[in-house]
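Here's the structure we're looking at; comments come further down.
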Amino acid sequence: MLNKIEMHDRMVSHHILDYYEASEDEINKRIFERCHKYSRCDEIEEFSLEFPEEFPGQQYMGADPIVRRFQQLMLQSIKAKNVLEIGTFVGASTMSMASSIGEDGRVWSIEKYDRFAKIARKNFEKNGVKNITLLEGDAFEILQTSLHSAGGG
4 MLNKIEMHDR MVSHHILDYY EASEDEINKR IFERCHKYSR CDEIEEFSLE
54 FPEEFPGQQY MGADPIVRRF QQLMLQSIKA KNVLEIGTFV GASTMSMASS
104 IGEDGRVWSI EKYDRFAKIA RKNFEKNGVK NITLLEGDAF EILQTSLHSA
154 GGG
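When we follow our numbering, the leftmost residue of the sequence shown carries the number 4, and every step to the right adds one.
Below, the structure written as structure tokens:
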């Protein structure tokens, strides 16, 4: 037997008008609630993370479950085996992407700041994620050097 679909659980065309009549904060809240409800964020692997003391307000940068779930869905939908990430911070999204592409894939992540790279390396080791190559330095320079050594641009 089919489950009855509750109208408040699904968006239909006239709900779009409700969004336009609400404040921006209310619209954002409704979008977030729907995304969280239907994105299976509870399936996101949790990692033990260390954060820099000098950025206490940035603890969730890159670690938001909805963003990480979206990244996973995108990578899985294209069957990605190689990922380039620019900006590692503490490595939350890096590890999430690495786990979603499998052990036979590789995430190449570039971090400009050595203090974040050190923390990210600790987080990778602490969580046992091995299919990550962390490159330290300016992304523009690293990419230019890599392209040049590979015979490109």
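Ideal placement from N, C-alpha and C gives every residue a C-beta, glycine not left out. Just so it is clear, the structure is predicted and the values come from calculations on it, not from any experiment.
- Non-local beta-carbon contacts of Gln79 in its own chain, meaning distances under 7 Å to residues more than five positions away in sequence, involve Ser103 in chain order.
- In this structure, Asn134 sits away from Asp117, with a CB-CB distance that is not shorter than 9 Å.
- Straight through space, the alpha carbons of Lys32 and Phe127 are spaced by roughly 33 Å.
- Between Lys129 and Ser51, the CB-CB gap stays under 9 Å.
- Looking at the DSSP output, Leu137 shares a beta bridge with Ser112.
- Rounded to the nearest angstrom, the gap between the Cα atoms of Ile145 and Arg72 is 28 Å.
- A Cβ-Cβ separation of about 5 Å places Leu137 in contact with Ser112 under the 8 Å criterion.
- Between Ala101 and Val93, the C-beta spacing is not below 9 Å.
- Ranking Ala153, Gly131, Glu114 and Met98 by CA distance to the CA of Phe143 puts Glu114 first.
- Here Ser96 is buried, its C-beta having at least 16 other C-beta atoms within 10 Å.
- Annotated three-state conformation of Val70 is helix, per DSSP.
- Ile89 is bridged by DSSP to Ile113.
- A distance below 6 Å between beta-carbons, with the five flanking residues on each side excluded, links Ala83 to the following residues of its chain, in chain order: Ile104.
- In this structure, the CA atom of Glu88 is about 12 Å from the CA atom of Ser99.
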